[in-house]
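One structure is given below, encoded as structure tokens.
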């Protein structure tokens, strides 16, 4: 699909320059020095040749077909040149030039022109305002970066070109290798989703890295990522997740930055590994790229130093992994050959005077243990330590092992030689044990997510027509808020249990309703203008007699008129008082990038004060719903503390999935709150007590 | 005090060897090559000279006084040799030899011998089982490490010698410089406290780093650290803080590993900066060592790349710092000289084509802004970036600035030259913005802690005799548990308000008591064997009549006999029912290293389920107590939600400080629980409702 972008036979460099200070020079030089095997055609009307290649006045003058055009000319000429590319039949273009969307309204219009031309001629376009594209297998270096990075099984896409230069500079020092590298720039055409699809079955890509500021079509990204992450890991850094950070994003590229909650939920649901920082991104990437996945979470440590062994142990536990318990036979074999002072239990301490043979012996035994899923090898540069020999030992064992090994050769001056050897054997090294532990944790989490059966949202039979009717009525009256009385009808249509209730226009109607449904009852003000009923004294609980009901009715109506002058008061909703239970909240707001974001938490202070809420992007499955419930910190309260029975788990899952379906079916619902959903003990269900909706 | 350790004029190397494979060779070679200016005396009965120095058969044969003896001989000869050192009058010794406490019971005894000899002769002894001591100012390299690290204002002490080798290897690569380095080994004599004291007024030390596994005398450490951290930062990594990690420690050196909670509380109270990993330790160290402290928490960012600017902004907010708001005048001046597309608001984006002059201009303006306390300078290696010139600009400005600047030159191959230049100007560089932000956060936290007035625990007038009487009675009866009835007397003696209550041996006595104090009352079983009264149905609340009281009494006694056969039942405690309030818990357990660790949290599920508890080591001040209360996550509940008035803050502080005093005065109290302390609305006090104590 994007094959002309990565594997062109001929490349035109439009704006190729003979002046080494110009980007157009750097791009051509990179293509040449990067070893590109096809034909290079500089386009420059003022030159006969550039860097030894014959130059052409225009792309249309090139005698052969052109697979890829790299455009490095002032922005005002770009649309005309792209038009020429179209006429020439060029299938792919990289627009490096800046001066588009990032440069204000005029630039945005100019970018619109580019998109229009690209679509008209079926050109796949990277950029504008980008660093370019690299494929180290082709090899193709169509960037103005300083040179070609080493190859490797990692593909990297970056919304920031500058960050790309830093990453390539890291790579040039031998820290990491890339098979593909794309600076996406303004993403006028090719975006993250296109690249995920391009790399999905690309054998040269074992892991995909993403640096993203905003995802205009978050839902499409989720859908494709969910598929791709079943095949290979996708690790992403999202910047602009804090409030301050999002403000910085919008001054930067005008990207719409979704909230951290939405991104975290969406990435997780799509199986995308969340990297909290660039360092995590590359730490995870190296483990994924160069080592096999683990079968479980039981990690062994082999070390020549007690202290770092303890640090690693701490780090494993903090990362949620388990310190492997070695089998008695393993311990026995270790003890037979290690000196008496060595520790044969995990962490295995081969002692400070260990030569490479002792490491070899211990590492082989530990990896053979059925109870070990992966191993961290710590080497400190002590007086007798054979740093290079030990690196060879670790490397050779790792290459023959189906279990992953991560190095933690600590230090730099002397240890550097060992690290370089490890890299030759594709064993990633981490300067501190905490980072190796975090990388293993990312692998375990990815593996679990990948192997989880795919769950699909189930659909309940519901009455969509009834919901449509309520929404249409509100819209025809120009109302965007849907209060209790109408929201109730909507929830009922979607199969929510709601308490028996009736709208009463007068106090006598209220008494009649109460008599019919039986005491005790609750009265709530019914007004399209009053959403927060408690705040205006609009709710009275536990009314046990006709007098109670009459008093409450009059008081509520009096207060509503007083506190919200001009509000239309339809009367009161009379509702059967339900017995006590545990109060939970289900909410939904619409994220601009990912759509409906459903929230779950315990009601009241748990949500408001302790911020104990989890999120998922709808639609989601029952399994996702069950996971949400288990993820809140206060989940033990739902399980029951101090001998209480558990709350009805299935009823909560049911409610979550019904909300998911409702907000998916009706995109015009932009906010929804069921607060509280009263959940009874196990097997006794749940009832939605209070609810409100906001329409677009 | 330890001056002979760091600045000796003469050093004897006992066990100096001519065999380059031996540690005794490495130590002498290091002393020689490290440029030691005094006299070196190899001691080796089998050689006439070692490495060109005349050798002596014993330390006693050395004609001159010996300031420092470095002992590198097999363990069995160490005590005799140390004895000789004593007779020779050697004031300081470093015992590198292993085979002591870490090698089991026999080794422990041998170590005891060393300590005895050292004390007898007044020798300050480092080790045994260590890497040695370095002072780069003297210069003195009395270790068997591979060479001498570069100098610098950092002092490092490590309980792990192997970790020390890794750290020195990092230093050798130019990453960090040390003025002092001590591998503490088994800490038979010299320990962390001695070094803190030695470095307290040492002008060559700007920051003290500690790697610690266990602190046998945690209280002494706190006391000294509290003083030292007023003068210079102390940054510590504590390993073995997780359960798995502590097990690894005990198999390692037999150090007693305190709980993470105790260490965190103690370090914080002592002003010690907590580093969560070795990487944090060195990241913080470089900022403290080389840059001035900040006056506030408002950070500016100057960058040539939008993406990394956003990452830095995110990281600042996450670290709890503020993105500085630039003054209008600053923004105006920036705009006047930056290109139109640049961003003059913080983060200041000087754009990808910025040369060093643009950085210089922007950085000067930003640092001159009164609203900026510190600055992160981000440089990505773009096509036109003048990496080295920019590093010089940043370095020169930093040297003239009273505000700290941290570098974030991102990359490695090309960027490395810039980083090396920054280091020459003492500007620390961090490869990723998150790490620079974390370093600034550590500086801000240290500064705030250092400048906080020192608060001293106030003493309440209390009745210690009454407490002594209760404790003595329990001890004389061989009881270690003190239940409600007796604990109440203890708390009353320490000025706690407790509800009116009386022990009733019969149901009629209970009724009489209730009549006297007025209904409603509470009955609780009184038995020295029953501490968890609720579990056996031993508590009845809200009793409103004589019949209620009689029924409750009989039921409680019946159940107590049935569920705890053989328990002595003294009857029931009749207690005035107190009105509702907010329930908090105050607890205490005794940490083996730091002593009484007082816990505070909201009662019930907040502590049990949400683990929302904070800790302080007693004794502590009212200010500490107030801080504890504010630190729990559920603090808003104590402030009052939904229009509730706040809970009585002073009453909670009072209770905390009284507990602090009680557990300090009576070390035999090893556990204490007041659960709940019922706290009423502001100004209405608090009452201890239920309590228990455990004695040693």
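Chains as they are written, first to last, in this note's numbering: chain A, 90 to 785; chain B, 90 to 785. Built from N, CA and C at the ideal position, the CB exists for glycine as well. Every value quoted in this text rests on a predicted model; they were computed, and no experiment measured them.
Give the interface partners of residue i over in chain A, defined as CB-CB distance under 7 Å, in chain order.
{"i": "residue 233 (chain B)", "result": "472"}
{"i": "residue 400 (chain B)", "result": "328, 367"}
{"i": "residue 62 (chain B)", "result": "Summary: the structure shown does not reach residue 62 (chain B), with chain B confined to residues 90 through 785, and so no result is reported for it."}
{"i": "residue 618 (chain B)", "result": "By Cβ distance, chain A contributes nothing, its closest Cβ being about 22 Å from residue 618 (chain B), past 7 Å."}
{"i": "residue 31 (chain B)", "result": "The structure shown has nothing for residue 31 (chain B), since chain B only spans 90 to 785."}
{"i": "residue 722 (chain B)", "result": "699"}
When the Cα of residue i is compared with those of the options, which residue comes out closest?
{"i": "residue 271 (chain B)", "options": "B:215, B:616, B:631, B:569", "result": "B:215"}
{"i": "residue 262 (chain A)", "options": "B:642, B:718, B:424, B:500", "result": "B:500"}
{"i": "residue 185 (chain A)", "options": "A:154, A:291, A:227, A:219", "result": "A:219"}
{"i": "residue 474 (chain A)", "options": "B:362, B:623, B:110, B:458", "result": "B:110"}
{"i": "residue 449 (chain A)", "options": "A:477, A:471, A:459, A:462", "result": "A:477"}
{"i": "residue 455 (chain B)", "options": "B:397, B:421, B:647, B:440", "result": "B:421"}
{"i": "residue 601 (chain A)", "options": "A:665, A:350, A:525, A:542", "result": "A:665"}
{"i": "residue 273 (chain A)", "options": "A:329, A:237, A:258, A:213", "result": "A:213"}
{"i": "residue 508 (chain A)", "options": "A:470, A:541, A:187", "result": "A:470"}
{"i": "residue 625 (chain A)", "options": "A:390, A:525, A:142, A:644", "result": "A:644"}
{"i": "residue 407 (chain B)", "options": "A:149, A:594, A:366", "result": "A:366"}
{"i": "residue 704 (chain A)", "options": "A:689, A:710, A:711, A:696", "result": "A:689"}
{"i": "residue 661 (chain A)", "options": "A:603, A:712, A:679", "result": "A:603"}
{"i": "residue 629 (chain A)", "options": "A:646, A:618, A:617", "result": "A:646"}
What residues in its chain sit with their C-beta under 6 Å from that of residue i, if we drop five residues either side in the sequence?
{"i": "residue 98 (chain A)", "result": "127, 156"}
{"i": "residue 778 (chain B)", "result": "765, 767"}
{"i": "residue 753 (chain A)", "result": "707, 708"}
{"i": "residue 343 (chain B)", "result": "Because the pLDDT of residue 343 (chain B) is 39, which lies under 50, any placement of that residue in the model is unreliable, and the question is left without a value."}
{"i": "residue 770 (chain A)", "result": "734"}
{"i": "residue 498 (chain B)", "result": "468, 504, 507, 508, 518"}
Are residue i and residue j closer than 8 Å when you measure CB to CB?
{"i": "residue 510 (chain B)", "j": "residue 481 (chain B)", "result": "yes"}
{"i": "residue 521 (chain A)", "j": "residue 368 (chain B)", "result": "yes"}
{"i": "residue 300 (chain B)", "j": "residue 515 (chain B)", "result": "no"}
{"i": "residue 751 (chain B)", "j": "residue 675 (chain B)", "result": "no"}
{"i": "residue 282 (chain B)", "j": "residue 222 (chain B)", "result": "no"}
{"i": "residue 447 (chain B)", "j": "residue 415 (chain B)", "result": "no"}
{"i": "residue 252 (chain A)", "j": "residue 496 (chain B)", "result": "no"}
{"i": "residue 737 (chain B)", "j": "residue 774 (chain B)", "result": "yes"}
Please compile the residues from chain A whose C-beta is within a distance smaller than 9 Å of the C-beta of residue i.
{"i": "residue 248 (chain B)", "result": "396"}
{"i": "residue 259 (chain B)", "result": "499, 500, 501, 502, 504, 520"}
{"i": "residue 441 (chain B)", "result": "187, 250, 251, 254"}
Skipping 5 residues on each side, what residues in its chain have a beta carbon closer than 8 Å to that of residue i?
{"i": "residue 285 (chain A)", "result": "297, 310, 313, 314, 317, 323"}
Quick one: grab the DSSP three-state call for residue i.
{"i": "residue 344 (chain A)", "result": "A caution first: residue 344 (chain A) carries a pLDDT of 43, below 50, which makes its placement in the model too unreliable to give a value."}
{"i": "residue 219 (chain B)", "result": "coil"}
{"i": "residue 660 (chain B)", "result": "strand"}
{"i": "residue 722 (chain B)", "result": "coil"}
{"i": "residue 320 (chain B)", "result": "coil"}
{"i": "residue 666 (chain B)", "result": "coil"}
{"i": "residue 274 (chain B)", "result": "coil"}
Under 7 Å between beta-carbons, which chain B residues line up against residue i? List them in chain order, please.
{"i": "residue 393 (chain A)", "result": "251"}
List, in order along the chain, the chain B residues whose C-beta lies closer than 8 Å to that of residue i?
{"i": "residue 112 (chain A)", "result": "472"}
{"i": "residue 192 (chain A)", "result": "430"}
Using only the heavy atoms of the ligand PLP, determine whether one of them is closer than 7 Å to the beta carbon of residue i.
{"i": "residue 368 (chain B)", "result": "This structure lacks the ligand PLP, and indeed carries no ligand of any kind."}
I want to verify the contact list: residues of chain A whose CB lies under 8 Å from the CB of residue i, in sequence order.
{"i": "residue 300 (chain B)", "result": "396"}
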